[in-house]
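In the order they appear, the protein sequences are chains L and W. The numbers in my numbering rise by one with no breaks, and the one at position 164 of the first sequence is 164. The numbers in my numbering rise by one with no breaks, and the one at position 475 of the second sequence is 475.
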Amino acid sequence: MVKRWLDRYLSKKKLLATSAASQRYIVIDLELTGLDVKQHEIVSVAWVLIEQQCIKLSQAAHYINKDVQQLEQSPVFHGIAQKDIITGQSLDIILTKLSDYFDDAILVFHNASLDWGFLKHAFKAQGMVAKPRLILDTFLIEKKRLHQQGQEIGLDDLTLAACRARYQLPDYHNHHALTDATATAELLLAQCYQIGQGKDLKLVDLVYL
Amino acid sequence: MNNEQQEVAQFVKTQTPFSQIYSSATNYFVTHIDSIYLTRENQSQWLQSDSPRLFLIRSGLYDLVDAKGDVITRLAQGDYFGFPSLLTGEAIQNRLETQKEGIVYMLNQESFDFLRREYKSFEQYFVRAHANRLLSSHYKSQNESWSEKKISELMSRKAVTLPPDASIRQTAKKMKMHGVSSIMITEFEQLVGVVTDRDLRNRVLADEVEPKEAVSTIMSKKPKYIFENNRVFSALHLMLKHNIHHLPVLDEHHKALGMITSTDLLRQQKSDPVQLIGRIYKAHNISDLKRYADEIPELLRGFSHNIDDISLIGKLLSGLTDALTSRLIHLFQEDNGAAPTSFSFICFGSQAREEQTLHSDQDNGLLLPDDLSDQHQNYFRRMGEFVCEQLVECGIRRCPGNIMASSELCRMGISDWCERFFKWIKSPTPEAMLNCKIFFDLRFIEGSNSLYTSFCEQLTRISRNDLFYAAMANDIKSNAVPIGLFNQFKLEKDAKQHKFIDLKKRGVVIINDIVRLYALKAGVRRANTQERLDALLKYPLLNNQDLYNLKDCWRFLTQLRLRTQINEEGLPSNCINPDKLNSLERHQLKEAFYLIKQAQQAAAFKFARGSL
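What follows is the structure in C-alpha cells.
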C-alpha cells in the first residue's frame, strides 16, 4: 500500500520534471444541465488533442450524451436541442473513448473542479476506474500567474473569455463544448508561451501547488 | 460523433477563396487542419521544407522575410503563407518573424492537393497568389527604372491652387509663399489653367497688365496635364514634345493633385532612352536624327537588362518611333513650308498598340481633309514619301503590305478612309478581317488632333454593325488556343522538327483580337491592349473579373515571351517549348490558355450567336 503510493508519488514527481512542450494533452470541455454533481447531468463531452504544441483539430471529438434526462438550461445556450440527443451516444461509450487517452495524455480543463468533478462522478457511476496521470487547469494557471504578478483578481477575471482576452486571442461567441475545448487548448498554448518566456517550461511550472 | 468546429468554420468561410466556393470545401478544410500558437520561439519549427503546409492566420502579426532578410510582406488575420512550396515542390526560401503571437491554422500537402483537385477556384486562387508574389518580389529586386515609376511616387508637393477670379498680385504672393514657380488655377476643383513665373514676366510685366486684374486673363488655358497613375516616362514625353516645364497632375476624376516640373524629372534621370527621345524632339536636321536613331538598338539592349516587362520595351520603341516621325514632319515643314491645311499623321498595328519590337516595320498613314486640290495633295504626297523614306533610313523597315503614308491608299481624305473601312465592315472576307486587325488599332502621332477625333467618331459610327462584330468573333474563334483534349498542350512543329508553342500567335494576338472587338463595341478609342482593358472596366460588356483575368493572361504571356529572346534551341521567335518550363509555369500557361479559350467562346456567344 505504501509502496504503491510511493511509486505513484515518484512517477508523478518525475513527470512534473519533464518538458511541457513534449507532452501530449487532451483538452476537455463538458456541457452540463447544472452545476451540482448530485442532481445534474452531462449533456455533451468534447475534446481536442495537443501534440508537439499543435492542436489537432482534425482529431477533435464531440459526443452528445443520449441518456440525458432533461435539459434544464436553455437549449439555445448549449446549442443542443432535444432532437440532437437522439443522434448521441450512451455515456459509458463516451467515457470509454475518453479514458483511452488517459494513459499517455495529460488532462486539461478550464476550471477542472467542475468538469473533472462531473467526469469522476460519471466514471464511478458506470463502475469504471479512471486514473489520469496529471490534470492541468488553465483557470488555476491563470490565477497563479495573476497572483505572482501581484494583481487583484476579480470575480470575472478568470472566465475563459476574460483569460483569452488577456492574451489577445480571438473572441469566440458560441458556447459549444467543442469550441470551448478548442478555446481552452489555445489558451494553454498562449499561457505556456507567456510563462516560459523563452526557457524550457516544465510541467511543474503549470501546476497550482 | 459531431465534429463541428463552428467558430473555426465561421471564420474560414468568410475568407477567400472559401467564400466563393461550396461550403463543403470549408468543411473539409476545418476538419483537416491543425492549429498552432505561433510565437518567436517556435516560428522556425513549422516552416519545414520536408513537410510543406498551407498556413492561414487567425490572429497575430507576422513578417514574411526573404533569404536576404528583407521583409516581403506583413501578414495578419486572413492571410495565407506557405503555398509556394506546396505548389512548386521547391524548398522553402522565406522565413517568418513574429511581431505579435497568435493562432495559425495549418493544412498539410495531402489535404491541400485534395482541395486543389476538387475545387477549381481554390486552385486558381493560390496559383494566382503565387504568380503575384513572384511578380511583386521580382519588381522589388530589380533596379527600379525611374521612368517606369508612377507620377504619384514622384510628386511630393501638394497642389497650390487659386480660383480664376483671384488677382494677378494674389497669385504672385501665393507662389512666393509656397516657393513654387507655377500655380494651378482651379474652379470647382477642376483644372482650368496654369500660371508660371514666365507668364508673370511675359504676359504681365512686359505687357504692362495691371496686377489687380483677374489671373484668368493671363493664365494658359486648357493646359496639358497628366494623371497620377501614368508613368514618369509619359510625363517626360509630354513635356519634351510640347516644350513645357510644368505639368499639372490630376486624379482620375480630374481633380488637381499637384504639379510636376522638369526639374523633378531631371533629378530622377540618369542615362535613359528617354533622354534620347528628348534629343530627337530637338534635332535640327536629318543627319542628327539618323545619328540618334542609330543609338536605339544599342540603348535598348542595355535597357532590356534592367526591365523585365516587355510591354515597357514596346512602349519605349513606339515612343521613339513617334518622336522620329513627329520630328521628321517638322523638318519637312521647315524645308517645304507649313502644311497648307490641317492633317493628321497616324499609326496602326503594333506601333499604335505600343507593342513595337526592333523588327517591327512601319504602319502609318496620313489623314487629310476631303476634296484637297492637286497642289495640296502633292504637298502631302511629298510629306508622306519623305517621312517614310527617312524612317527607313532611321532603321524602321518598310511595310511589306505598303501600309505607309507614302502609299496612295494610306494617304486619303476622311471620307475615303471611312469608305475603305466601311468596305471591310460590309463584306468581312478573310482579307478584310486581316486589314481590320491592323487598321482598327490606330493612334494619333502628329498634326491636327481634331481631324483625328472626328475621324474616330465617324469610324465608331460605321463600325457599329452586328454582322461585322459577328464576323470578328467568328474569326477570333477560328484561331484555336494550343490546348487539346485532356488539357494537354498542342505543339506545333517546324521544318527542323522542333516542337513549340507560339505564344504570340496563339496567345497574345488572340487576347488583342478579343479586346479590340469589345473596345469597338464599347467605342473605346484606345489602341493599347492594357489601356483598352482598363477603359472597358467602365462598360457592362464584360465583368471586371473577366477583364482582370485577360489582363493577367496578357501580362503572363508577354512576360513569358521575353524568355523566347534567350532562345537556346533555335525555335522561331515568340515560341516556347513547354517542356522547358517548370511545373508551375506549365500549369499557369495552361490556365492562361484555358481563360483565353473561355473568353473566345464568350465573345462568340455574345457577338456571333445569330450566325452559329
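We put the CB at the ideal spot given by N, CA and C, even for glycine.
Exercise. Taking 8 angstroms as the cut-off, is the CB of Asp552/W close to at least one heavy atom of the ligand FMN?
Worked result: Ligands in the displayed structure: none, and consequently the ligand FMN is not present.
Exercise. Using a C-beta to C-beta distance shorter than 7 angstroms, which residues of chain L count as neighbours of Asp475/W?
Worked result: Against chain L, a Cβ distance below 7 angstroms from Asp475/W picks out nothing, because the smallest value is about 53 angstroms.
Problem set entry | Closer than 7 angstroms at the beta carbon, the chain L residues around Ser44/W | Under the 7 angstroms cutoff, chain L gives no residues; its nearest Cβ is about 13 angstroms from Ser44/W.
Exercise. By Cβ distance, which residues of its chain are closer than 6 angstroms to Tyr80/W, with the 5 residues on each side in sequence left out?
Worked result: Same-chain partners within the cutoff: Leu56.
For this session: Throw me the rounded Cβ distance for the Phe348/W and Ile403/W pair, which I believe falls under 8 angstroms.
Result: 6 angstroms
Exercise. Quick one: is Asp264/W buried, meaning 16 or more other Cβ sit within 10 Å of its Cβ, or exposed?
Worked result: buried
Problem set entry | Members of the stretch 59-82 of chain W that neighbour chain L once the beta carbon cut-off is set at 9 angstroms | Ser59, Gly60 and Gln77
Exercise. Of all Cβ atoms in chain W, is any one closer than 9 angstroms to the Cβ of Pro132/L?
Worked result: no
Exercise. Whose Cβ in chain W lies nearer than 9 angstroms to the Cβ of Asn174/L?
Worked result: Gln6, Glu7 and Gln10
For this session: State whether the stretch 58-71 of chain L contacts the stretch 129-142 of chain L, with contact taken as three or more CB pairs (one from each stretch) at a distance under 8 angstroms.
Result: no
For this session: Please decide whether Ala185/L counts as near chain W, where near means a Cβ-Cβ distance under 9 angstroms.
Result: yes
Exercise. Where does Val207/L sit, in a helix, a strand or coil, going by DSSP?
Worked result: coil
Exercise. Can you give the beta carbon distance from Asp165/W to Ala129/W, rounded, assuming they're within the 8 angstroms contact cut?
Worked result: 53 angstroms between Cβ atoms; not a contact.
For this session: Would you identify the three-state DSSP class for Leu95/L, choosing helix, strand or coil?
Result: Correct three-state label for Leu95/L: helix.
For this session: Say whether the stretch 442-455 of chain W touches the stretch 328-344 of chain W, bearing in mind that this needs 3 or more beta-carbon pairs closer than 8 angstroms, one atom from each stretch.
Result: yes
Problem set entry | For Ile42/L, the nearest candidate out of Leu158/L, Ser11/L and Gly34/L (CA to CA) | The shortest Cα separation from Ile42/L among Leu158/L, Ser11/L and Gly34/L belongs to Gly34/L.
Exercise. Taking Trp47/L as the reference, which of Leu119/L, Thr87/L and Ala162/L has the closest Cα?
Worked result: Leu119/L
For this session: Tell me, to the nearest whole angstrom, how far the beta carbon of Ile346/W is from that of Gly365/W; I am working on the premise that it is less than 8 angstroms.
Result: 5 angstroms
Exercise. If we ignore side chains and look at the alpha-carbon of each, how far apart do Gly89/W and Glu118/W end up?
Worked result: 20 angstroms
Exercise. Taking buried to mean at least 16 other C-beta atoms within 10 Å of its own C-beta, is Met177/W buried or exposed?
Worked result: exposed
Problem set entry | Proximity below 9 angstroms, CB of Leu189/L to CB of Ile50/L | yes
For this session: Would you mind working out which of Phe556/W, Arg464/W, Leu557/W and Arg561/W sits nearest Tyr697/W, comparing C-alpha positions?
Result: Absent from the model: residue 697/W. The displayed extent of chain W is 1 to 612, so no value can be given.
Problem set entry | Where Trp424/W falls, given that 16 or more other Cβ within 10 Å makes a residue buried | Burial state of Trp424/W is buried, judged by a 10 Å Cβ sphere holding 16 or more other Cβ atoms.
For this session: Determine, using beta carbons only, whether Gln458/W and Cys418/W come nearer to each other than 9 angstroms.
Result: yes
Exercise. With respect to the alpha helix (DSSP H) encompassing Phe421/W, which residues constitute its N-terminal and C-terminal limits?
Worked result: Ile414 to Lys426
Exercise. Does DSSP put His147/L in a helix, a strand or coil?
Worked result: helix
Exercise. Is there at least one Cβ from chain W nearer than 9 angstroms to Gly198/L's Cβ?
Worked result: Gly198/L counts as touching chain W.
Exercise. What is the residue span of the alpha helix (DSSP H) that Val43/L lies within?
Worked result: Looking at the DSSP string, Val43/L is not in any alpha helix (DSSP H); the run it does join, the beta strand (DSSP E), is Ile42 to Glu51.
Exercise. Does DSSP put Ser22/L in a helix, a strand or coil?
Worked result: coil
Problem set entry | Three-pair Cβ contact test at 8 angstroms for the stretch 52-66 of chain W versus the stretch 175-182 of chain L | no
Problem set entry | Length of the line joining the Cα atoms of Met648/W and Gly179/W | Outside the displayed range of chain W (1 to 612) lies residue 648/W, so it cannot be described from this structure.
Exercise. Are the CB atoms of Ile618/W and Trp46/W nearer to each other than 9 angstroms?
Worked result: What is shown of chain W runs 1 to 612, which leaves residue 618/W out entirely.
Problem set entry | Glu187/W in three-state terms, based on DSSP | Note: Glu187/W maps to strand in three-state DSSP.
For this session: Answer yes or no: does any C-beta atom of chain W fall closer than 9 angstroms to that of Lys56/L?
Result: yes
For this session: Taking only the alpha-carbon atoms, compute the straight-line gap between Arg525/W and Ser406/W and give it to the nearest angstrom.
Result: Taking the straight line from one Cα to the other gives about 25 angstroms.
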